[in-house]
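*Asks:*
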Amino acid sequence: MSTFYDEVQEIRARYPEARSAILPALRLAQERHDGWLPREAFEEVADALDLTPAYCRSVASFYDMFHLEPVGRHLVEVCTNVSCALVGAQQVVEALEQELGIEPGETTADGRITLRLVECAGGCGWGTVVAVDHRYREPVRAEDVPGIVQELRNGG
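Going by the numbering used here, the sequence shown opens with residue 1001, and the numbers climb by one from there.
Here's what the structure looks like:
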């Protein structure tokens, strides 16, 4: 079985400069650390790419796809950009808050579901876009939310 370091070296070999491999290395680290990047993940990536942990964290903090705090088993992300906002993103957010009993940026008490807002999910023609465990659902309306939440609670 290959180690994290070995896997990153395979990724690194595909790029002319080691630091160009930082995004796939961070993704791999996040997968290995239960969906988020703790301090030791930045140390592992830094070691494998001859970078500093601070540099790795600065890159990860720029992107929505990287999580700097623990997330639930299910991740629900609502696009709030102008296209989705115009077709009801706020109502979808409010319905999710009510169904889940949490606010954006929080995780349910049982640790199962994290709710996040994202600036743009790239589905501007089909808003409101809601990504559930990185799979887009579009268009989502407030009345769709109870079904989505029930599906997640039932292990979907």
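Idealized CB from N, CA, C, for every residue including glycine.
#1: Quick one: give me the first and last residue of the alpha helix (DSSP H) that Val1092 is part of.
#2: Counting only the same chain and skipping the five closest in sequence on each side, list residues whose C-beta sits under 7 angstroms from that of Leu1100.
#3: Using the C-alpha atoms, what's the distance from Leu1049 back to Gln1090?
#4: Would you grab the beta carbon distance between His979 and Val1132 for me? Rounded to a whole angstrom, and I think it's under 8 angstroms.
#5: Whole-angstrom Cβ separation of Leu1096 and Val1076, contact assumed at under 8 angstroms?
#6: For Arg1014, name the three-state secondary structure that DSSP assigns.
#7: Evaluate the contact criterion for the segment 1080 to 1094 versus the segment 1139 to 1148: three or more CB pairs, one atom per stretch, below 8 angstroms.
#8: Helix, strand or coil for Val1059? Go by DSSP, reduced to three states.
#9: When the Cα atoms are used, what is the spatial distance from Tyr1015 to Tyr1055?
#10: CA-CA distance, Gly1035 and Arg1057?
#11: Could you check what DSSP says for Cys1079 in three-state terms: helix, strand or coil?
#12: Once the 5 residues before and after Leu1117 are set aside, which same chain residues still bring their CB inside 6 angstroms of it?
#13: Measure the alpha-carbon distance for Thr1003 versus Thr1052 and round it to whole angstroms.
#14: Quick one: what's got a C-beta closer than 8 angstroms to Glu1119's C-beta in the same chain, skipping five residues either side?
*Replies:* Let me lay it out:
#1: For the purposes of this step, residue 1092 is identified with residue 92 of the sequence shown, where counting begins at 1. Secondary structure note for Val1092: its alpha helix (DSSP H) is the uninterrupted segment Ala1089 to Leu1100.
#2: By one-based count along the sequence shown, residue 1100 stands at place 100. Thr1108, Ile1113, Leu1115 and Val1149.
#3: Position 90 of the sequence shown, counting from 1, holds the residue named residue 1090. Position 49 of the sequence shown, counting from 1, holds the residue named residue 1049. Taking the straight line from one Cα to the other gives about 41 angstroms.
#4: Any property of residue 979 remains undetermined from this structure, which presents the chain solely from 1001 to 1156.
#5: Within the sequence shown, residue 1096 is the residue found at index 96, counting from 1. Within the sequence shown, residue 1076 is the residue found at index 76, counting from 1. Right, their Cβ atoms sit about 6 angstroms apart.
#6: Position 14 of the sequence shown, counting from 1, holds the residue named residue 1014. It is coil, neither helix nor strand.
#7: Segment contact: the segment 1080 to 1094 against the segment 1139 to 1148, three or more CB-CB distances shorter than 8 angstroms; contact assigned.
#8: The residue given as residue 1059 occupies position 59 in the sequence shown. Of the three classes helix, strand and coil, the one that applies to Val1059 here is helix, per DSSP.
#9: Sequence index remark: in the sequence shown, residue 1015 carries index 15 (1-based). Sequence index remark: in the sequence shown, residue 1055 carries index 55 (1-based). The alpha-carbon separation between Tyr1015 and Tyr1055 amounts to approximately 18 angstroms.
#10: Your numbering for residue 1035 matches position 35 in the sequence shown. Your numbering for residue 1057 matches position 57 in the sequence shown. Roughly 15 angstroms separates the two Cα atoms.
#11: Taking the sequence shown and counting its residues from 1, the one referred to as residue 1079 is at position 79. Looking at Cys1079 - three-state DSSP - the assignment turns out to be strand.
#12: One-based indexing of the sequence shown puts residue 1117 at position 117. Contacts found: Val1078, Thr1080 and Pro1104.
#13: Taking the first residue of the sequence shown as 1, we reach residue 1003 at position 3. Taking the first residue of the sequence shown as 1, we reach residue 1052 at position 52. Cα atoms of Thr1003 and Thr1052: separation of roughly 20 angstroms, rounded to the nearest angstrom.
#14: Stepping through the sequence shown from its first residue, residue 1119 is reached at position 119. Same-chain partners within the cutoff: Asp1064, Cys1079, Thr1080 and Asn1081.
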